[in-house]
Amino acid sequence: MEITKDVHYVGVNDRRTTQFEGLWPLPYGVSYNSYLVVGTEKVALIDTVEVCYCEAYLKKIRAVLGDRKIDYLVINHMEPDHSGSLPFILSHYPDITFVGNKKTFEMIDGFYGTGGNRHLVAEGDTLDLGGHTLNFYLIPMVHWPETMVTYDATTSTLFAGDAFGCFGALNGGCVDKDINTDIYWDEMRRYYSNIVGKYGAPVQRALKKLGGLELKHICSTHGPVWVENVPRVIDIYDRLSRYEAEEGVVVAYGTMYGNTEAVAEVIAEELCKQGIKNVVLHDVSRTHHSFIISDIFKYKGLIVGSCTYNTQLFPEMEALLSKIAARDMKDRYIGYFGSYTWASAAYKKLGEYVNTLNFEVIGDAIEMKQTLNASTEDAARAMARAMAEKLKSERK
Ligand code: FEO
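In case it helps, the working numbering puts the sequence shown at residues 1 to 396.
In structure tokens form, the structure reads like this:
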């Protein structure tokens, strides 16, 4: 598939892996994108694919190049979903030269201990292929330290690594203007929030660094090639990395028998009554946390509730809170409620967790013993009203 003159898509689709990075469900699969830039003098391959798909990958490369050799393998990112086929490519193209920065080569040594010719690049370096000159920009911690991007000024194409990527295998075509992109938008936010979400500041630095480039094609390592949606995907990454959020509330709760859930239902009902339309309830035992994290990136308000379990927080709630904390999120409003039957713990531990987050606590936290009564219901409605008022005060 030729994306633009001399730039070809040679990536593969993975509809078999159930959990990306061993953690994140893939309801629509995922693609591992790789590209060929065919110059008049030299050929460059940009990134590789997950090693399980190396045979199909080689066929795609050969369909473009025939017997012509590949001169360079540009390694924008060393995570094994992209570097995994590196030894395989070297075995088929033994004269190939790896192109990477200092940290790239340290990781190649560590992961693969492989030889191969090497061409070290630094910020702003270029590589002439004949008719196409590749420009290299380092974007460390988006989302690994060695990460860089490669820009072909001739075609205004950015080979972006994971940046601007999303979950979801490609269904027939690879360029956004040729396919229905509906499934990719929520999956872009879920991808960003779970994989890249901790690194908002490095993403902002990268966006500023790349801001002056003309971008006609963004070729990420996952998901569609962006052509007609270039401004939209840049805007999404900009907003997410600034932790900007929409009006709305995620109510996430851990419940064993439904008593804690009943508080969540009251809060949601009152939020809706107060005019907050975007209210999403998640049972933390049922909804995979990647979807909850994605919604927390989307909405400004969060209310968490947990029953007490073995004199601790409900385990799935503790797991969710640790994922939220690990992402260094900010500029959110939070409320919380805990429950117990015979030994109070969840309320206190939720408070301890919440104090470690960079969120503003809204309303009075609630502790419930055993089941919902009139006073707990009043407190739940008061918390919902406080959250709704805070959100509505920010309407423009
Ligand atoms: Fe798709 Fe960070 O690897």
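Note that the Cβ used here is the ideal one computed from N, Cα and C, for glycine as well.
Query                                                                                                        : Result
Residues proximal to ligand 1 by C-beta, any heavy atom closer than 7 Å                                      : H77, E79, D81, H82, H143, W144, D162, G165, I195, T221, H222
When L271, Y57, E318 are compared against M387, the one with the closest alpha-carbon                        : L271
Length at least 4, wholly inside the region 188-235: the alpha helix (DSSP H) runs in chain order            : 200-210
Start-end ranges of the beta strand (DSSP E) lying completely within the region 17-102, minimum 3 residues   : 30-32, 35-38, 43-46, 72-74, 97-100
Cα-Cα separation, A343 to F314                                                                               : 13 Å
Cβ contact check for the region 254-264 and the region 324-339: 3 or more pairs under 8 Å                    : yes
T376, DSSP secondary structure in three states                                                               : helix
Three-state class that DSSP yields for F164 in the structure shown                                           : coil
Candidates S31, S83, M1, K102, of which the one nearest V37 by Cα                                            : M1
N355 - DSSP class collapsed to helix/strand/coil                                                             : helix
Buried or exposed by the 16-neighbour rule on C-beta atoms within 10 Å, applied to P231                      : exposed
R385, DSSP secondary structure in three states                                                               : helix
Pairwise C-alpha distance: T376 and P27                                                                      : 38 Å
6 Å Cβ shell around H289 - same chain, five flanking residues per side excluded                              : L320, K323
Straight-line gap, E409 to E389 (C-alpha atoms, nearest Å)                                                   : Because the chain in this structure spans residues 1 to 396, residue 409 falls outside the shown range and cannot be described.
Residue closest to M383, alpha-carbon to alpha-carbon, out of R395, N355, E352, Y333                         : Y333
Neighbour-count burial assignment, N101, 16 or more Cβ in a 10 Å radius                                      : buried
Cβ distance (whole Å) where Y137 is taken to contact L215 below 8 Å                                          : Not a contact, Cβ separation roughly 12 Å.
Meets three-Cβ-pair contact criterion under 8 Å: the region 16-34 and the region 164-174                     : yes
Endpoints, the beta strand (DSSP E) within which I303 is located                                             : 299-309
N310 classed as buried or exposed, judged by whether at least 16 other C-beta atoms fall within 10 angstroms : exposed
Assigned secondary structure, L129 (DSSP; H/G/I helix, E/B strand, else coil)                                : coil
Minimum C-alpha distance to D176 - residue among E187, M141, P224, T150                                      : P224
Residue of F164, G130, I179 minimising C-alpha distance to T155                                              : G130
T221 classed as buried or exposed, judged by whether at least 16 other C-beta atoms fall within 10 angstroms : buried
Per-residue DSSP class, three states only, for L170                                                          : coil
Beta-bridge pairing of Q312 - partner residues as DSSP gives them                                            : Y309
Proximity of V304 and L350 at Cβ, strictly below 8 Å                                                         : yes
Sub-8 Å separation of C219 and T126 beta-carbons                                                             : no
K330, DSSP secondary structure in three states                                                               : strand
Heavy atom of ligand 3 within 7 Å of T48 beta-carbon                                                         : Ligand 3 is not among the ligands present in this structure, which contains only ligand 1.
Among Y299, A201, A268, C307, the one whose alpha carbon lies nearest that of V284                           : C307
Unbroken beta strand (DSSP E) run spanning I267, endpoints                                                   : Unbroken run through I267 is the alpha helix (DSSP H), 259-273; no beta strand (DSSP E).
Contact check, L134 vs G116, beta carbons under 8 Å                                                          : no
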